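Beneath this line is the structure, given in structure tokens, with notes to follow.
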Amino acid sequence: MDELPTAVDVVVVGGGNAAFCAALAAAEHGVSVLVLERAPEEESGGNSRFTAGAFRCVYDGVDDLKALMPDLTEQEISVTDFGTYTEEKFFDDMGRVTEYRTDPDLCELLVTRSRDTMRWMRGKGVRFAPIYGRQAYKIDGRFKFWGGLTVEAWGGGPGLVEALTTAARKTGIGVAYAARATALLADDDGVKGVRVRHKGKTREIAAKSVVLAAGGFQSNTEWRTRYLGPTWELAKIRGTRFNTGDGIKMALDIGAMATGNWSGSHSVGWDRNAPEFGDLAVGDNFQKHSYPWGIMLNADGERFVDEGADFRNYTYAKYGRVILMQPGQFAWQVFDQKIIPMLRDEYRIKQVTKVRADTLEELVQKLEDVNPVKALATIKAYNAAVMTDVPFDPNVKDGRGTRGLAVPKTNWANTVDTPPFEAYAVTCGITFTFGGLKVDTSAQVIDTDGQVIPGLCAAGELVGGIFYFNYPGGTGLMSGSVFGRIAGASAGARAAAMN
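If you count the sequence shown from 1, you need to add 325 to reach my numbering.
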């Protein structure tokens, strides 16, 4: 888009999954819609484009999955135990991992609208596929899905953004790139539009409704350190460099209420030498998520966390913080030949910080910045503590733990004793921040007096109150889609009523 309009019915600020779901939902009301994407087109798509594209959604069986994935073959179905992921299980997971702080009203929408929202997206042209490889292991000739995470967008994050962008253009929605919204135009009657900087010039666009879906503040070093705390300026950014909290700031500046876990974030184990911001060519492959099958050592050569406390889906988003708090802000993940063939694909990329050795004595000497004497002692003590009489099963919490260690391993405890050995250096990679704006069940933004700000809705990472401390894998995209659709519907209905 070369020239921005001076007026439009609905403006959506942001260019990721939540923003496009909002734009598509608003357009269903027969109104004109404009998407403002701060990034240039080659870097567009927000954090959504950097994800693997996984969606956590309710399904009661394979028929629900076939509705989302009509090209699922009978052969695939015959060799796969897809199980179910009921509303009750989704509620349980959200409660448990957020320590029951998740906003009950917003959580109910997230869970109960997940299945229908996925079908709606499918109707818009978004294709989905089963997450074979990352979420299902083959045992006795059958794949078994675990952890409630079964579906991903075709082509991952890039495929998701491409599908949503195509759907938007088919619908007649305008998309402007390198268009940074800087302020909301508002008075006592509510929001009337946005101020935007586009191609070096600042201009104003009048609108009947505005949806903010511009991501969290994780790429803002100052805010990250101010709100998350000391050392967070040292974390790597997994995704886009453009999520600096613009949407949140614009809303706070006109009196919106802040809510949620402002000192919390989704943060994972990420390659120690990854770039400061995400690299679209590598995507999410700097992550290192096979740690439940091995052990992690810090600079002191000590284990510091229960690697097998739960399925990866329920621990990876909080273990980045734990790694950041270690001496030097790093750790090494250690595996032996029994596990190396099981490692996820991200361990096989070229851009990886890795060492390999034929003996443990040689391995610990290669662990850069680690106390080798203590590391060797730790591995040997761990090996002696493993309950080898309990069979290893990666598809269930197998109870194969350790006995007598100060830091136990609860499941999937495998001795590290079969050469060759490999170790991978990780630091903290932050995905998105949990604090944000207060919204009601119509995704309308609430002000500090507890009243709706007319004409302003919000969705995606910048909504606060949904995630605290941690989150179940795949819930970020699902939340963006559910609340994007709700926000767009609210904004579109208001604009249509004013036409």
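For every residue, glycine included, the Cβ atom is placed at its ideal position computed from N, Cα and C.
This one's a predicted model, so the numbers in the text were calculated from it and none came from an experiment.
- For cysteine 753, DSSP records a beta bridge to Gly594.
- In the structure shown, the three-state DSSP call for tryptophan 618 is helix.
- In the structure shown, proline 779 falls within a strand segment according to DSSP collapsed to helix, strand and coil.
- Taking 3 residues as the minimum length, the beta strand (DSSP E) runs contained wholly in the stretch 627-671 are 656-660, in order along the chain.
- Between the stretch 385-404 and the stretch 347-354 there are fewer than three C-beta pairs closer than 8 Å, too few to call the two in contact.
- Around the beta-carbon of aspartate 396, fewer than 16 other beta-carbon atoms lie within 10 Å, marking it exposed.
- Checking the DSSP bridge columns, you'll see valine 788 partnered with Leu762.
- DSSP places threonine 703 outside any beta strand (DSSP E); the residue lies instead in the alpha helix (DSSP H), whose first and last residues are 697-710.
- If you ignore the 5 residues before and after valine 356, its C-beta comes within less than 6 Å of the C-beta of Asp334, Val335, Gly817, Ala820 and Ala821, all in its own chain and listed in chain order.
- Closest in alpha carbon position to leucine 781, among Ser534, Gly370, Gly540 and Cys753, is Ser534.
- Threonine 475 has its alpha-carbon roughly 26 Å from the corresponding atom of isoleucine 620.
- The beta carbon of valine 732 is closer than 6 Å to those of Arg628 in its chain, skipping five residues each way along the sequence.
- The straight-line gap separating the alpha-carbon atoms of lysine 734 and threonine 727 is approximately 6 Å.
- In this structure, proline 797 places its C-beta atom within 8 Å of the C-beta atom of methionine 419.
- Going by C-alpha positions, glutamine 612 is about 4 Å away from tryptophan 595.
- C-alpha of leucine 553 to C-alpha of methionine 650: approximately 12 Å in a straight line.
- Ranked by how close their Cα comes to the Cα of alanine 700, the residues Phe717, Gln662 and Gln658 have Gln658 in first place.
- Runs of the beta strand (DSSP E) spanning 3 or more residues and lying entirely within the stretch 378-409 do not occur at all.
- Residue environment analysis places asparagine 824 among the exposed positions, since fewer than 16 neighbouring C-beta atoms fall within 10 angstroms of its C-beta.
- In the DSSP annotation of this structure, glutamine 543 is not part of any beta strand (DSSP E), being labelled neither H nor E.
- Between the beta-carbon of glutamate 362 and that of glycine 540 there is about 11 Å, and that puts the pair past the 8 Å contact cut.
- Between the alpha carbons of valine 680 and asparagine 598 lies a gap of roughly 14 Å.
- Each of Asn638, Glu487, Lys463 and Val807 was checked against the Cα of valine 500, and the nearest Cα belongs to Glu487.
- Of all alpha-carbon atoms in Leu431, Glu328 and Asn342, the one lying nearest the alpha-carbon of glycine 809 is that of Asn342.
- Taking C-beta atoms under 8 Å as the contact rule, phenylalanine 792 and threonine 427 qualify, at a distance of about 7 Å.
- The Cβ atoms of methionine 394 and serine 806 lie no closer than 8 Å to each other.
- DSSP, read as helix, strand or coil, puts lysine 679 in strand.
- For isoleucine 456, the secondary structure class from DSSP, reduced to helix, strand or coil, is coil.
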